[in-house]
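Trainee:
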Amino acid sequence: DREAINGIYRSAGCGSGGPGSHPVCASSMEQLCVGSCGGGQQDMATFLPGAFGPGSSAVSARTFEADLEAHKSCASRCVSEGVVISASRADAAEKALETLQRCGVVQLQGAYDLKSLDRFQQA
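In terms of the numbering used here, the sequence shown is numbered consecutively and its last residue is 198.
1) Assuming residue 160 contacts residue 150 (C-beta within less than 8 Å), just tell me the rounded distance between them.
2) Quickly, what does DSSP pair residue 182 with across the bridge? List them, please.
3) Counting along the chain, where does the alpha helix (DSSP H) carrying residue 123 start and finish?
4) Looking at C-alpha atoms only, which residue of 86, 126, 195 and 104 is the closest neighbour of residue 165?
5) Between residue 174 and residue 158, which are expected to be in contact by the criterion C-beta below 8 Å, what is the C-beta distance as a whole number of angstroms?
6) So does residue 86 have its beta carbon nearer than 8 Å to some heavy atom of the ligand ADP?
7) Please name the residue in 182, 162, 179 and 171 whose C-alpha comes closest to that of residue 190.
8) Just the Cα atoms here: how many angstroms apart are residue 193 and residue 180?
9) Quick check on the burial criterion: 16 or more other C-beta atoms within 10 angstroms. Buried or exposed for residue 102?
10) Would you kindly work out how many angstroms separate the C-alpha atoms of residue 155 and residue 146, rounded to a whole number?
Structural data, given as structure tokens:
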């Protein structure tokens with residue numbers, strides 16, 4: 076099923092254009108899955124048959140609990156470290172992408188500066 080998601084990244088040109096080449100490229104696999112099934116628009120058993128439906132492998136309670144704890148830890152980190160990135164940082168584009176992929180949201184402080192916006196568009 077990861078291959079199906081990787082196919083979406085490839086078709087959007089993410090490999091050659093980088094994270095700024097298409098909105099899909101800055102999305103995590105989880106974000107793509109959530110976006111695909113949002114509002115019941117997609118039958119997830121058809122979209123990712125190995126992960127959903129009768130042919131999918133069962134998830135043990137132990138695995139689920141570990142994944143839930145990892146999610147909670149990640150969410151706590153997003154809250155404690157915040158999601159605000161200064162657009163004037165030399166590594167702002169990389170840090171913003173990392174925060175977006177980890178937390179699902181990023182706020183670019185000072186991104187109204189035209190030089191900084193140009194730098195983000197180039198990244």
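Note that beta-carbon positions come from the ideal geometry of N, C-alpha and C, so glycine has one too. Note that the structure is predicted; figures quoted are calculated from it, not measured.
Mentor: In brief:
1) In fact, because the Cβ distance is near 18 Å, the residues do not count as touching under 8 Å.
2) 159
3) Note, residue 123: premise wrong, no alpha helix (DSSP H); not H, not E.
4) 195
5) Contact between residue 174 and residue 158 holds, with the beta-carbon distance rounding to 6 Å and staying under 8 Å.
6) Annotation note on the ligand ADP: not contained in the displayed structure, which lists no ligands.
7) 162
8) If you take the alpha carbons of residue 193 and residue 180, they lie about 20 Å apart.
9) buried
10) Cα to Cα, residue 155 sits roughly 14 Å from residue 146.
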